[in-house]
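In our numbering, the protein residues as written are 769 to 909.
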Amino acid sequence: MPSSKGQTVFVNGGSTAVGRFAIQLAKSKGAKVVATAPARNEELVRSIGTDEFIDYTNEPLVQYLTRNPPRTKYQLIFDAVGVVDTALFKQSAAYLASDGVFVTTGPLPKSPALSELWKMFKNLGAVSIPWWMGNVKRRWA
769 MPSSKGQTVF VNGGSTAVGR FAIQLAKSKG AKVVATAPAR NEELVRSIGT
819 DEFIDYTNEP LVQYLTRNPP RTKYQLIFDA VGVVDTALFK QSAAYLASDG
869 VFVTTGPLPK SPALSELWKM FKNLGAVSIP WWMGNVKRRW A
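So this is what it looks like as structure tokens:
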């Protein structure tokens, strides 16, 4: 979590148990928090400290963030959803500060099916390619 006031944290999956914890921790450190959740959970995530809310059900999240980039890039992206789609990380140069950190709770397969295992390896490959080979020049944790 950020160590100084005024930094901005983005929490993907703000209404999940891990996302709610991340929101509260970031607020306790003095950060501004932007969080995603379905519209039905907006009141919940705002009540625990979210400053800006994004309903991810209206359009794909990466498309929304690309179309509406933050005024100040995020210092931390905390993905409590578990990187279902690597696009959030791959496109993060548009919304994550150059010294920012991308943290995720995944990727874990939902089942032992080959398609799920393939997604896991694809996600791991997406984050392990070095920036000088065309990947995003951001830290992954």
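The beta-carbon is built from N, C-alpha and C at its ideal position, and this holds for glycine as well. This one's a predicted model, so the numbers in the text were calculated from it and none came from an experiment.
First through last residue of the beta strand (DSSP E) which encompasses residue i
i: Ala803; result: 800 to 805
i: Gly782; result: Looking at the DSSP string, Gly782 is not in any beta strand (DSSP E), and its letter there is neither H nor E.
i: Gln843; result: 842 to 847
i: Asp823; result: 820 to 823
Euclidean distance between Cα positions of residue i and residue j
i: Gly817; j: Leu844; result: 16 Å
i: Gly862; j: Gly774; result: According to the sequence shown, residue 862 is Ala rather than Gly. Going from the Cα of Ala862 to the Cα of Gly774 covers about 20 Å.
i: Ile822; j: Ala848; result: 14 Å
i: Pro838; j: Arg808; result: 23 Å
i: Lys858; j: Phe870; result: 11 Å
i: Asp819; j: Ser866; result: 23 Å
i: Lys795; j: Val801; result: 7 Å
i: Phe846; j: Gly781; result: 9 Å
i: Asn836; j: Ser883; result: 32 Å
Endpoints, alpha helix (DSSP H) assigned at residue i
i: Gln831; result: 829 to 835
i: Ser815; result: 810 to 815
i: Ala865; result: Segment 864 to 872 is the beta strand (DSSP E) holding Ala865; no alpha helix (DSSP H) there.
i: Lys858; result: 855 to 858
Contact belief for residue i with residue j at Cβ below 8 Å, rounded distance in angstroms
i: Phe778; j: Tyr842; result: 4 Å
i: Ser915; j: Val830; result: Here the chain covers residues 769 to 909 and nothing more, so residue 915 does not appear.
i: Ala805; j: Thr776; result: About 17 Å separates the two Cβ atoms, so there is no contact after all.
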